[in-house]
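Numbering (my numbering), first residue to last: 215 to 546.
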């Protein structure tokens, strides 16, 4: 998810292969995509996507999409025209059995800075990549080997990073999915663990005293607080700049109840965004809903309906990142 300066909310509608737009009045429209799987560029519904995952929007209103199934980073201009900013689709030449490797492996979250550089949580490659405005790809952090080592740039390791966000000082925050941690990368590319013990859990606390269960996406507000969709725990967590983790919203029990703080419930929350006023928007994947949380923690439903959605993990059909196998995101 992403939100622009005018209060429009953008949603990567993964299962529908669409990019949706929700106006401040709650009106939902399709910004780009026609529902078909593909990698076609063009205006509006001419374009196609394959499992779009992360979203970010720049000050000019351009929307950047981690087109996960295509291993591409796409760009949508304010008029709805879709182009490919970076990446190549993997191809197999059956005549000589040569495979053209993609530039990304199931990219998840994306974030854009004031200069137009796009940061990519490249889940399958266990790296954070950097894409220049011209589309040049480089490695920002991560060796590519799965691990949990802190360190400088490529000496650090990640394990299926799926979310990425930026603060006003140029620090990059990463939802390190399979490590159950939130990592921080300074502008000098020094990687540290901001929060999370690495063990599965839902404990609040400071730094490594806290625990998560597959943290998926994150967003940063103007004060430097980091909001995290703690997916399997069905919680929205908040981390202060000092690393103090609290539960911002959610009871931990799967559901779609509105209310304040821990009275509310979610069902596999995935994407998240925060606006300039401190309102937090959550893609409540299992409920097929977009939820809104006010600064005091009051949860309401912005768009969508949970009707007809099973709450059984064995029966429901939702699209939620739960890991990588051979470079491809696993879904449940």
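From the three backbone atoms N, C-alpha and C, an ideal C-beta is built for every residue, glycine too.
With fewer than 16 neighbouring CB atoms inside 10 Å of its own CB, residue 514 falls in the exposed class.
Within the same chain, 216, 278, 324, 325 and 326 come within 6 angstroms of residue 270 by CB-CB distance, once the 5 residues on both sides are set aside. DSSP places residue 449 in the uninterrupted beta strand (DSSP E) bounded by 449 to 453. The three-state secondary structure of residue 476, taken from DSSP, is helix. Counting C-beta pairs closer than 8 angstroms gives three or more between the region 442 to 458 and the region 475 to 489, which meets the contact rule. Around the C-beta of residue 240, fewer than 16 other C-beta atoms lie within 10 Å, and the residue is accordingly described as exposed.
Counting only runs of at least 3 residues, the region 461 to 517 fully encloses the following beta strand (DSSP E) elements, listed from N- to C-terminal order: 483 to 488, 494 to 498 and 503 to 507. Every beta strand (DSSP E) stretch that sits fully inside the region 313 to 377 and reaches 3 residues is listed by chain position as 321 to 326, 332 to 336, 341 to 345 and 351 to 355. Your pair residue 339 and residue 322 does not check out as a contact, with CB atoms roughly 11 angstroms apart and the cut at 8 angstroms.
The three-state reading of DSSP puts residue 391 in helix, counting H, G and I together. Judged by pairs of C-beta atoms under 8 angstroms, the region 255 to 268 touches the region 223 to 235, as three or more such pairs exist.
Residue 441 and residue 493 have their C-alpha atoms some 11 angstroms from each other. Using a Cβ distance threshold of 7 angstroms, residue 517 and residue 287 do not count as a contacting pair.
Straight-line measurement puts the Cα of residue 360 at about 19 angstroms from the Cα of residue 333. Across the structure, residue 283 and residue 512 are spaced so that their CA atoms are roughly 35 angstroms apart. About 28 angstroms separates the CB atoms of residue 436 and residue 427; that is not less than 8 angstroms, and the two are not in contact. Here the C-alpha atom of residue 380 lies approximately 30 angstroms from the C-alpha atom of residue 251.
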